[in-house]
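Participant: Keeping their order, the protein sequence lines are chains C, S, A and G.
Following full-length UniProt numbering, the numbering of the first sequence begins with 1 at its first residue and continues without gaps.
Following full-length UniProt numbering, the numbering of the second sequence begins with 1 at its first residue and continues without gaps.
Following full-length UniProt numbering, the numbering of the third sequence begins with 1 at its first residue and continues without gaps.
Following full-length UniProt numbering, the numbering of the fourth sequence begins with 1 at its first residue and continues without gaps.
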Amino acid sequence: MLLRHTTAEVKEREGLTINPAKTCQPIGALYAALGIHGCLPHSHGSQGCCAYHRSMLTRHFKEPVMAATSSFTEGASVFGGQANLLQAINNIFTIYEPDVIAVHSTCLSETIGDDLQQIVTKAKDEGKVPEGKFVIHASTPSFVGSHVTGYSNMVAAMATQFAESTGEKNGQINIVAGWMEPSDMREIKRLSKELGAKILLFPDMTDVLDTPQTGKFDMYPKGGVTVPQMKSLGDAECSISLGTYTAEAGAIALDKKHKVPFESLDIPIGIDATDRFMMALAKAAGVEIPEEVTRERGRLVDMLTDMQQYFHGKKVAIYGDPDHIIPLTEFLVSLDMKPVHIVSGTPGKRIEQRLREILAETVPNANVKNGPQADLFLLHQWIKNEPVDLLIGNSHGKFIARDEDIPFIRFGFPIVDRVGHSYFPNVGYTGSMRIVEKILGVLMDRQDRDAPDEKFELVM
Amino acid sequence: MLLRHTTAEVKEREGLTINPAKTCQPIGALYAALGIHGCLPHSHGSQGCCAYHRSMLTRHFKEPVMAATSSFTEGASVFGGQANLLQAINNIFTIYEPDVIAVHSTCLSETIGDDLQQIVTKAKDEGKVPEGKFVIHASTPSFVGSHVTGYSNMVAAMATQFAESTGEKNGQINIVAGWMEPSDMREIKRLSKELGAKILLFPDMTDVLDTPQTGKFDMYPKGGVTVPQMKSLGDAECSISLGTYTAEAGAIALDKKHKVPFESLDIPIGIDATDRFMMALAKAAGVEIPEEVTRERGRLVDMLTDMQQYFHGKKVAIYGDPDHIIPLTEFLVSLDMKPVHIVSGTPGKRIEQRLREILAETVPNANVKNGPQADLFLLHQWIKNEPVDLLIGNSHGKFIARDEDIPFIRFGFPIVDRVGHSYFPNVGYTGSMRIVEKILGVLMDRQDRDAPDEKFELVM
Amino acid sequence: MSVARQYPAPSEVKEELLKKYPTKVAKKRSKSIVLNDPDQPKEIQANIRTVPGIITQRGCCYAGCKGVVLGPTRDILNIVHGPIGCSYYAWLTRRNQTKPETAEEANYVPYCFSTDMQEDHVVFGGEKKLTKAIEEAYEIFKPKAIAIHSTCPVGLIGDDVHAVARAMTAKLEDCNVFGFSCEGYKGVSQSAGHHIANNGLFKHVVGKDNTVREGKFRINLLGEYNIGGDSFELERLFEECGITLVSTYSGNSTYLDLMNSHMVDLNLVMCHRSINYIGEMMETKYGVPWLKVNFIGAESTAKSLRKMAEYFGDEELKAKVEEVCERELAKTTAALAASKPKTEGKLAMLFVGGSRAHHYQELFKELGMKTIAAGYEFAHRDDYEGREIIPNIKIDADSKNIEELKIKPDEELYKPRKTAEEIEALKAKGVELGEYKGMMPDMAEHTFVIDDISQYESEKLIEIYKPDVFCAGVKEKYVIQKMGIPLKQLHSYDYGGPYAGFEGAINFYKDIERMVSSRIWKLIDAPWEKAKKEQPELTATYVA
Amino acid sequence: MSVARQYPAPSEVKEELLKKYPTKVAKKRSKSIVLNDPDQPKEIQANIRTVPGIITQRGCCYAGCKGVVLGPTRDILNIVHGPIGCSYYAWLTRRNQTKPETAEEANYVPYCFSTDMQEDHVVFGGEKKLTKAIEEAYEIFKPKAIAIHSTCPVGLIGDDVHAVARAMTAKLEDCNVFGFSCEGYKGVSQSAGHHIANNGLFKHVVGKDNTVREGKFRINLLGEYNIGGDSFELERLFEECGITLVSTYSGNSTYLDLMNSHMVDLNLVMCHRSINYIGEMMETKYGVPWLKVNFIGAESTAKSLRKMAEYFGDEELKAKVEEVCERELAKTTAALAASKPKTEGKLAMLFVGGSRAHHYQELFKELGMKTIAAGYEFAHRDDYEGREIIPNIKIDADSKNIEELKIKPDEELYKPRKTAEEIEALKAKGVELGEYKGMMPDMAEHTFVIDDISQYESEKLIEIYKPDVFCAGVKEKYVIQKMGIPLKQLHSYDYGGPYAGFEGAINFYKDIERMVSSRIWKLIDAPWEKAKKEQPELTATYVA
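#1: Here's a check: name, in chain order, each residue in its chain whose Cβ is nearer than 8 Å to the Cβ of glycine 158 of chain G, leaving out the five neighbours to either side.
#2: Less than 8 Å separating the beta-carbons of histidine 149 of chain G and asparagine 78 of chain G?
#3: Considering only their Cβ atoms, is the gap separating valine 269 of chain G from glycine 207 of chain G smaller than 8 Å?
#4: Under 8 Å: do the region 271-278 of chain A and the region 88-95 of chain A share three or more Cβ pairs, one atom per stretch?
#5: If we define contact as Cβ-Cβ less than 8 Å, is asparagine 401 of chain A a contact residue for chain S?
#6: Please determine, among G:Leu35, G:Ile55 and G:Asp451, the residue with the shortest C-alpha to C-alpha distance to residue 462 of chain C.
#7: Determine the closest residue to leucine 291 of chain A out of A:Glu366, A:Glu283 and A:Lys522, with distance taken between C-alpha atoms.
#8: Which parts of the region 208-284 of chain A are runs of the beta strand (DSSP E), unbroken and 3 residues or longer, counting only runs that do not cross its ends?
#9: Go ahead and label serine 2 of chain G buried or exposed: buried means 16 or more other beta carbons lie within 10 angstroms of its beta carbon, across all protein chains shown.
#10: Anything in the region 117-128 of chain C with a Cβ closer than 9 Å to a Cβ of chain G? List those residues in chain order, please.
#11: So, does the CB of glycine 345 of chain C fall closer than 8 Å to a CB anywhere in chain S?
#12: List the endpoints of the continuous alpha helix (DSSP H) containing proline 527 of chain A.
#13: With distance defined between alpha-carbon atoms, name the residue in G:Ala334, G:Gln45, G:Cys325 and G:Ala357 nearest to threonine 490 of chain G.
#14: Hey, could you find the ends of the alpha helix (DSSP H) alanine 165 of chain G is sitting in?
#15: Report yes if the C-beta distance between aspartate 272 of chain S and phenylalanine 262 of chain S is below 8 Å; otherwise report no.
#16: Measuring only between beta-carbons, confirm whether isoleucine 439 of chain S sits less than 8 Å from chain G.
#17: For the region 290-377 of chain S, list the alpha helix (DSSP H) runs that are entirely contained and at least 4 residues long, ordered along the chain.
#18: Do glycine 223 of chain S and histidine 44 of chain S come within 8 Å of each other at the CB atom, strictly closer than that value?
#19: With a threshold of 6 Å on Cβ separation, who are the neighbours of glycine 441 of chain S within its own chain once the five nearest residues in sequence on each side are excluded?
#20: Over what stretch of residues does the alpha helix (DSSP H) that includes isoleucine 134 of chain G continue unbroken?
#21: Only counting the same chain, and skipping five residues up and downstream in sequence, which positions put a Cβ closer than 6 Å to that of glutamate 63 of chain C?
#22: Can you list, in chain order, the residues of its chain with a C-beta nearer than 6 Å to that of valine 543 of chain A? Leave out the 5 residues immediately preceding and following it.
#23: At which residue ranges does the region 24-54 of chain S contain complete alpha helix (DSSP H) runs of 4 or more residues, listed in the order of the chain?
#24: With a threshold of 8 Å on Cβ separation, who are the neighbours of leucine 305 of chain A within its own chain once the five nearest residues in sequence on each side are excluded?
#25: Can a CB atom of chain S be found closer than 8 Å to the CB of proline 498 of chain A?
#26: Would the C-beta of isoleucine 326 of chain S count as close to the ligand HEM, meaning under 7 Å from any of its heavy atoms?
#27: How close, in whole Å, do the beta carbons of serine 142 of chain C and threonine 94 of chain C come, if the pair is a contact with beta carbons under 8 Å?
#28: Suppose you measure from the CA of residue 462 of chain C to the CA of valine 129 of chain C; what does that come to, to the nearest Å?
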């Protein structure tokens, strides 16, 4: 037993979080900033934050993750980090020559009250920002929200600090990308292309965090949304945000500042969420959904009707980020599966509410909790009280899966012990097929493993 | 133990095949014929053949597999099956209204000497083949070659019996598809499109054996190569055949009859085989390989360099069809893996030769055998004598995998206990990534399973 | 869904099924499509050739012999003589489960043996290769029995597998080698193969061991192949009731059990079509009567167990059977209560096998579902109409080719288990020995009975009736499901089961409940297609 | 690959590394980039602030305290006081393996504990939340010891974690609660955290248990964190030699072992940087001398074991050590013979940690590979130049902030283990106690030593030297590999290991052999790109 101290008796906790189902804001901001072409994210805080975030993202993507830090010392922490940031901006533009520096704050700089807006303005005034180069900034205190919030804040910063209105619409549909893998974003772009919709996806991690091995290191890879593209966001016809908790804020910012109307959708995981995305996109683009997309959908449904018996009624425990687990839960419910335990470390009342709505009809008594103390320790205790057939979440779940001998699917962030997530999508109809393939894979492997000799099946 | 009678001591066998790594010709012919649009395959033999082939293909694809039979009785077997086939052709065109009937023979009709060519001519003469409809035929005696041969024979029949020369080249590159999944064929077409090459893939099972669930049964689904397309084969610039044992014969037929030059390649499984395909196609189409394809390739290489440690030097046992296992073996060797045992039931001297060439440098002492008695019983015995880290082959291997506790990847034909193969390709760079993902998946799952608690890794 | 549905008149339905056929075909098929109308004579055309070119469910003689009857016995090593395919396709695809009592016991079920005949052998004869194969099989596996199955070319090229078998039996001494001339082209369906298998087993196996086994009530279970573990469930019930099951033909069986099977007091017959020959021959030769039973459905299972108890007439046994039935019925009733609200009033169709299409109607009845059409794949008229019509069945050329063994009472061992009076008395109590009334009497009025249904006819039937569940085999499964109708495979149980006995009934209730209530079928239409279908005029406005 | 390669002159290389920097940065970095030239004074600038904006390998003080030193002890429950991230990132990411002796023993290593500080706590203070967290941890886990780690905001808002710790220790009685003020901004790298951790352990844990354990030769192993199971291998060796390992700081350790650790006769020091404070303080207070060892590399391991035996001076022990070394060296020699043909003559670079960049050069030496550049991430000058220069190290503001404990000999327990004469005699035999000569003397001439190397400098170095293997951490791994150079992680061992001791050496040989010989690196260029590169004029003709 790896987690031998975890027992079935659930004690109410107020002070202690054990085995969290979240991390803090800055890593999300860093990740979002990597979706800008030619951008060097910058962490305004202690060196450790930057090192930790880079390490974690690197473990997840197995790709270079570049970012700089203000390298606070005790002095800076007492007297303010302005000097550090000014110096950093100067050094970065000189040495690493990015198009954009995307600064995010940390608990440290937030606690001492550094004003990023003011420091960045000062940097510009002092000529530390070369012509045609940009510094954007987002306030991402670690003690508010979670990594999800940090992503959202940086996306909103991109929208707010880059978008411009020329007064003339450009026929573009902004797709504000919630926290997804490069593979997912690639799939969103492919589907949009199938529809013939003129979209701009932002941020865009394709060709940034899934770059080819070429024998050459590009500090600024091919991908990412460019500065001119981000400027064009304000002239778009409308925005579609994919992810209430990681993308909606970007769409709201564009609406507020540039009157770009938006529709807030879920990340298209599962059939219903993808249907909604396809319909919204088709409507926005004024096109019909092409037959080939309908056929893709039909292939997914075919797989479901073929294999129904293997997943129907299976109990599932899920943990992760709201924008991932909400559409995933909806998908599983649509497959007649039973998500009985769900946690997310990210706070926010609407999260539990939304999940309960989804579960109302078929799993009304599910355990659902999010925010402080909604952690993997609690989830594990719930599982001890009501065992499940399947566990879905990030790599941390493997300890629970092993202790409780539960089939396990890696999903969400971070996945640090397997590859594939950045190359093969979970979104769209094809991504949903991949999810179903994985579910079937682990459940059928389990059946094969547990079958007595005489019940071992050749055909399934 | 499921296969408790299989012991390590290998006794030479001449008479008995045990647990075959092949089946017989007609199923291959039936499968190939499904790659023609509007075609009803027809089995000229006993009812059982047709039932067995339809069942097996159905189990593999989880899709409708339609085919008719001459329903031989003892009388027909003695007096010849001509009457049955004539009656069948008439009934089929009346009731099922296909564009094409693709007749293949069986051991029964071959043994009694039915001449399909003559019977089909007679049917035409008697007006049993409506205007604009076609009957093609292939001789596929079960006692020669294997299912692979049957596929090849039907593909050659398609080329021979449909292709026409108008005397004017049409700028088309014929791609003769070896035995692949619909997913693989879809990927071949996508890659060709990326290159901007004007190709005609035949046979083509996309949208035939991966059809959407629509609530409506289409006896003749959307996909498949059409009669006019097959007629155009003779005017093509050149042919590229993918698969020496399942596709080359089709290309040769076009060369012989219509002077369409060809290049014979492997099915593009793995990086080297895909490289060769891309180069041949680019050359034939007179185009450069686009950056996006080079990047796809680079992503595969990136995955390989990232994860090398997990597959390097691992011993593998492989079984299956020559056109699958030859490029697969080459791929594994290029990854520094060690295919130590390989069998294929399909006879043919060049198969073992080619495999030995691939293995010469790094696994010169590998056990390789094909043809009669090159069966899963022998493979299992070899494994008992020299254990492996990984087993790759069709669903039948699961019995060996379970008995010997070996990580197992389903690959080839048939896969009757898992889904996904028809939707997600194994060919091209993306398909190769999928193969690598699977290899890593099972090997890393095994590491996780076998690790003592203190060695259980979060990050891998 | 219990809203009354409107359908065309049966005659129109039948017309619809036939109208596309060429005249000759229509005429022929017409006789195999019968409305179960009490006012009409119930005669159905069955066990005749399938029209070439018609897409049929049927398989071949070899499939019936090796695949169905011989395959399940774990310690008979089955060598298929012929090209590789026939052996390959019958390799583990029937889900005949078998459970050796010890880890050392022989079990060849997971193995596939073939002579893998090549062109040379077709040209020059395959007997030598067969001989070699038997020798090798013996050397490696040391089986007590080897069965040889002939596939199509074997008969045609004149290989004498029986001669080879005799020679090898003589040579190997402790191994009984016997052959089956079950070439695929024999007969018109699997049925011929069943008959050939029955004959072969009776000639070469039955009666070889005359030991009298312990146990007060000794029976065989005939025509039960342990698909999905059905036999295990029935073994459980027999054991609990105090019944000694000597052998099953042939689910979870051994060669030794079959050799001893003539020493029982009663044969229970499940699949009448595939095994009635053994029942008949055993009665003629040894005096063992047979009783048709049905262990599919909770009520049928109870009824069959009670009949068996009545046969033995032992009060203790009857009490035990009653106890078991009551306990188990309580469980099935509870399970039914959970499932029935979702299944009640729904419609089923069954086109499968040679007895399952009949037996499974019981389960649907329990679920409150109506079977609106049913038929067999390889049955004879008696399986539809009852054994009383056997004398009226015309013997055609295809049937004549199948050997009919001439059986006489065994001079030493023939011993009728019941007197004529006892038999009459049992009949009065509803225990009719040697009798099977067929499927049709059990079906509701105005339902369709269709023999050897074709692909085309199935499609039409579904279009007309839109059943909630369709039962057939794997070839049909995805065809039917593409129409949005869930299909339950009744050969393989969709890799589930068991469905026999009480526990099997519970499994079946749950599976059918799942199939007819799952929300995934509602996902079929994309919302934009639904919108189009519902309000086609809106589609235009949908495009901006 | 043993062809002589041509490189620019070292001065040109250095210029290249610096030329893009702003003048001030270049000037500063220049002092941290030193050519290991015997003619030059070996002074390197180290342990100073990283220039803001420079992409560094370094982490923070918290990482050094919780992540490195405290994390590995399995039964101290570490609560991280602060927002969730810091605790989250140090959760199982260091691969400190630990193996409880029984299934019941406490092991908190797979757990992550945090106060998950929210905005309210930053505004109104977090002491109450921390108190609650400790109470809950105690209630659920009943640990013997709880360590509190402060993250950045904690120091700034003025939470007094030490006061909370004292109060809770008093309240909980059987649980020792102690705090670390290891806020991330302290010092200039992880190093500050190591020092703070050393101090805290010495104050709150060491000396709490004065039991004299059994065993003739009792030692501690300091600065070994059991990454990838290194400690397990060393434990095996000590046990085979008859040495009693009382505690390890802190791989595979327990709270009880640490409490008793001052009762040994010798401290062996692996990672000088992270743990020398404990060694020094233990000598001052209890008279336990420390000996710098290196168990990385087969020869180094043998040498270290022999020195240890020499220290104890026991002939039996020496003989035993000799026996173990000979047996194990035979194995490593054989393994080396298999790998060396593929590794000989290849080039390595190591930029990692505070001792690994030194230790691992031994393994590369054994493999016949040359280390052409190396440097530490968080070391001090003495780790490069040797302890003799410690008096010359300027104490800057960042170092001054780290508490320096004032230690005096313990009135009861101070007992020098060796006399001054014995110490001199040992020195004559090559066993220098309390001494470390640093990395630079062990490096070849004209190699580069670079402290706190930046991303930019690494890239340039690689462009110039094209090493065959580069050693660093996970952040660097895929950057370097994108350049086609395999990177060996020397923090996590790429999830392999152990690399310490004899078995570890064999693992390392194999891993490096694999990395430098794998054919996959040759796949990088697509054939059409190769063609272009090799014969660019042909590309045109390639297009038809």
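Beta carbons are placed, not taken as given, at the ideal position from N, Cα and C, and that holds for glycine.
This one's a predicted model, so the numbers in the text were calculated from it and none came from an experiment.
Facilitator: Checking against the coordinates, here is how it stands:
#1: As a working note, residue 158 of chain G is residue 158 in the fourth sequence. Gly125.
#2: Residue numbering aside, residue 149 of chain G sits at position 149 when the fourth sequence is read from its first letter. Residue numbering aside, residue 78 of chain G sits at position 78 when the fourth sequence is read from its first letter. Yes, Cβ-Cβ distance for histidine 149 of chain G and asparagine 78 of chain G is below 8 Å.
#3: As a position in the fourth sequence, residue 207 of chain G is number 207, starting the count at 1. As a position in the fourth sequence, residue 269 of chain G is number 269, starting the count at 1. Against a cut-off of 8 Å, the Cβ pair of valine 269 of chain G and glycine 207 of chain G comes out as no contact.
#4: no
#5: Counted from its first residue, the third sequence places residue 401 of chain A at position 401. Closer than 8 Å: yes.
#6: Residue coverage of chain C in this structure runs from 1 to 460, which leaves residue 462 of chain C outside it and unanswerable.
#7: Looking up residue 291 of chain A in the third sequence gives position 291. If we check each option's Cα against that of leucine 291 of chain A, A:Glu283 comes out closest.
#8: For the region 208-284 of chain A, whole beta strand (DSSP E) runs of length 3 or above, ordered along the chain, are 218-224, 244-250 and 266-269.
#9: If you number the fourth sequence from 1, residue 2 of chain G lands on position 2. Only weak support is given to the placement of serine 2 of chain G: the predicted model assigns it a pLDDT of 46, under 50, and the question is left unresolved by the model.
#10: The region 117-128 of chain C vs chain G, Cβ under 9 Å: nothing.
#11: By 1-based counting over the first sequence, the position of residue 345 of chain C is 345. Contacts with chain S at 8 Å (Cβ-Cβ) do not include glycine 345 of chain C.
#12: For this step, residue 527 of chain A is matched to residue 527 along the third sequence. It spans 527-534 - the alpha helix (DSSP H) in which proline 527 of chain A sits, taken as one unbroken run.
#13: Translated into positions along the fourth sequence, residue 490 of chain G becomes position 490. Reading off the sequence shown, one finds leucine at residue 490 of chain G, where the question assumed threonine. Per the Cα distances, G:Ala357.
#14: On the fourth sequence, residue 165 of chain G is found 165 positions in, with the first residue counted as 1. Residues 161-172.
#15: Your numbering for residue 272 of chain S matches position 272 in the second sequence. Your numbering for residue 262 of chain S matches position 262 in the second sequence. Contact flag unset, no.
#16: Position 439 of the second sequence, counting from 1, holds the residue named residue 439 of chain S. No, isoleucine 439 of chain S does not count as interfacial toward chain G.
#17: Listed in chain order, the complete alpha helix (DSSP H) runs (minimum 4 residues) inside the region 290-377 of chain S are 291-311, 322-334 and 349-359.
#18: The residue you call residue 44 of chain S lines up with position 44 of the second sequence. The residue you call residue 223 of chain S lines up with position 223 of the second sequence. For histidine 44 of chain S and glycine 223 of chain S, no; Cβs fall outside 8 Å.
#19: Taking the first residue of the second sequence as 1, we reach residue 441 of chain S at position 441. Cβ within range, chain order: n/a, list empty.
#20: Reading the fourth sequence from its first residue, position 134 is the one you call residue 134 of chain G. For isoleucine 134 of chain G, the enclosing alpha helix (DSSP H) starts and ends at 127-141.
#21: Here residue 63 of chain C refers to the residue found at position 63 when the first sequence is read from its first residue. For glutamate 63 of chain C, where only same-chain residues beyond five positions count, the Cβ hits under 6 Å are Leu209.
#22: Stepping through the third sequence from its first residue, residue 543 of chain A is reached at position 543. With a pLDDT of only 38 at valine 543 of chain A, under the threshold of 50, the placement of this residue in the model should not be trusted, and no figure is reported.
#23: Counting whole runs of 4 or more residues, the region 24-54 of chain S contains the alpha helix (DSSP H) stretches 25-34.
#24: Position 305 of the third sequence, counted from the first residue, corresponds to residue 305 of chain A. These residues qualify, in order along the chain: Leu237, Cys241, Val321, Val324 and Cys325.
#25: Translated into the one-based positions of the third sequence, residue 498 of chain A becomes position 498. Taking Cβ atoms only, chain S never reaches closer than 8 Å to proline 498 of chain A, which makes this a no.
#26: Although the ligand HEM was asked about, the structure shown includes no ligands whatsoever.
#27: Translated into positions along the first sequence, residue 142 of chain C becomes position 142. Translated into positions along the first sequence, residue 94 of chain C becomes position 94. 29 Å between Cβ atoms; not a contact.
#28: The question about residue 462 of chain C has no answer, for chain C in this structure spans 1 to 460.
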